[in-house]
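Visitor: Sharing a structure with you now.
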Amino acid sequence: MSVRSPLGKVKGLGSARSGTHHFWQQRLTAVALLPLTLWFVWCVVRYTGAPHGEVIAFLSDPVSAVVMLLFIVAGVYHMALGLHVVIEDYIQREGTKIALFMLINFAAFAVAAVCGFAVLKIAI
Amino acid sequence: MPEARTSGRPSSRPLSPHLQIYRWPITMGTSILHRITGVGLAFGTLLLAWWLVAASMGPDAYADFESVAFGWFGRLVLFGFTLALVFHAFNGVRHLFWDAGYGFKTASANVSGLAVYALTLVATIVIWVMAYQGMGTWQ
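Chains D and V, in that order, are what the protein sequence lines are.
Counting in my numbering, the final residue of the first sequence is number 124, and the numbers go up one at a time with none missing.
Counting in my numbering, the final residue of the second sequence is number 1139, and the numbers go up one at a time with none missing.
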């Protein structure tokens, strides 16, 4: 039996010192993604149907390139955190669950690397 | 006499009704749609990757990307992607307000849910109209 009070257990970060880490990161990326998504939608609307050269010119601008990279990183991180919860909720078998956790994390890093590389290749 | 729990046979007592029995409340619909659109958007990151990679590879690869993206199937997928992105963003704001402790009353959760549906529809249409108008200016 624990001698800690119920309040003591829920306050702070718990025994592993990371109790709300996942929750907090999900919210942090969500808030970051609001302006970033607005910007992304604007640039898709602006450059749909634009000649290739115009798209390259836009992404070559340092500000556009950096904001696009931020959108990619925040989006992919938010995605990995969200899919983690979905897997936790619906997959019961421990082995399958761990395999899917690995898969979504590998996929998230891969997508971020591919998108990031493409942006840098254009911008530099 | 009630049947013993250890009889090994299914109890004849009424079972709790499952999902298909309930009339779906607004909040139930927005909740599962948030999850479905989230998973859909995860696949949508592949579209973003395709667009950026095609742009980085040069005019020919970009033309190939455009011919697929602007086809009827491409447009259908992109329209779904827009709907999902806009819904997830608006409903995400709703979730952030809940996290901060606001809007939990049944009435306000219902109103904000309906507002998210309406805003999603309007914003998606506005985005597409603007994109089409923008396309015209490049030609």
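Beta carbons are placed, not taken as given, at the ideal position from N, Cα and C, and that holds for glycine.
1) For the alpha helix (DSSP H) that H1018 (chain V) lies in, which residues bound it at each end?
2) Under DSSP, the alpha helix (DSSP H) around G1029 (chain V) begins and ends at which residues?
3) Taking only the alpha-carbon atoms, compute the straight-line gap between M1001 (chain V) and H1018 (chain V) and give it to the nearest angstrom.
4) Return the CA-CA distance between I124 (chain D) and G1058 (chain V), expressed in angstroms with no decimal places.
5) Using a C-beta to C-beta distance shorter than 7 Å, which residues of chain D count as neighbours of I1127 (chain V)?
6) Tell me which residue opens and which closes the alpha helix (DSSP H) that I91 (chain D) is part of.
7) Under DSSP, the alpha helix (DSSP H) around Y47 (chain D) begins and ends at which residues?
8) Short check: CB of A80 (chain D) to CB of A108 (chain D), under 9 Å?
9) So, helix, strand or coil for Q1139 (chain V), using DSSP?
10) In chain V, which residues lie with their C-beta within 7 Å of the C-beta of V73 (chain D)?
11) Compute the Euclidean distance between the alpha carbons of F1073 (chain V) and M1135 (chain V), then round it to the nearest angstrom.
12) Less than 9 Å between the beta carbons of A30 (chain D) and H78 (chain D), yes or no?
13) Alpha carbon to alpha carbon, how far is T1137 (chain V) from D1060 (chain V)?
14) Of the residues D:R4, D:S2, D:T48 and D:P35, which one's Cα is nearest the Cα of V1093 (chain V)?
15) Taking 9 Å as the threshold (beta carbon to beta carbon), is L1019 (chain V) in contact with chain D?
16) Taking only the alpha-carbon atoms, compute the straight-line gap between Q1139 (chain V) and F1070 (chain V) and give it to the nearest angstrom.
17) Let me know if S1056 (chain V) comes out buried or exposed under the rule of 16 or more other beta-carbons within 10 Å of its beta-carbon.
18) Using three-state DSSP, classify Q1099 (chain V) as helix, strand or coil.
19) Less than 9 Å between CB atoms is the rule here; does L100 (chain D) satisfy it with respect to chain V?
Guide: Let's see:
1) It is not in any alpha helix (DSSP H) - H1018 (chain V) carries neither H nor E in the DSSP assignment.
2) Element bounds for G1029 (chain V): I1026 to M1057.
3) Model confidence at M1001 (chain V) stands at a pLDDT of 48, short of 50, so the residue's coordinates are unreliable; what they give is reported in the following sentence. If you take the alpha carbons of M1001 (chain V) and H1018 (chain V), they lie about 27 Å apart.
4) Whole-angstrom Cα-Cα distance: 15 Å.
5) Going along chain D in sequence order, the residues near I1127 (chain V) (Cβ under 7 Å) are V41 and V45.
6) Neither: I91 (chain D) is in no alpha helix (DSSP H) and is coded neither H nor E.
7) Segment H21 to Y47, the alpha helix (DSSP H) holding Y47 (chain D).
8) For A80 (chain D) and A108 (chain D), yes; Cβs fall inside 9 Å.
9) Reduced to three states, the DSSP call for Q1139 (chain V) is coil.
10) V73 (chain D) does not reach chain V, its nearest Cβ partner there being about 12 Å away, counting only Cβ pairs nearer than 7 Å.
11) Their Cα atoms are separated by approximately 18 Å.
12) Yes; because the gap between Cβ atoms is below 9 Å, this pair is in contact.
13) D1060 (chain V) has its alpha-carbon roughly 22 Å from the corresponding atom of T1137 (chain V).
14) V1093 (chain V) has its Cα closest to that of D:P35, out of D:R4, D:S2, D:T48 and D:P35.
15) Judged by the 9 Å Cβ criterion, L1019 (chain V) is not in contact with chain D.
16) Taking the CA atoms as reference points, Q1139 (chain V) sits about 15 Å from F1070 (chain V).
17) Buried.
18) Reading off the sequence shown, one finds Asp at residue 1099 (chain V), where the question assumed Gln. If DSSP states are grouped into helix, strand and coil, D1099 (chain V) belongs with the helices.
19) By this cut-off, L100 (chain D) is not an interface position.
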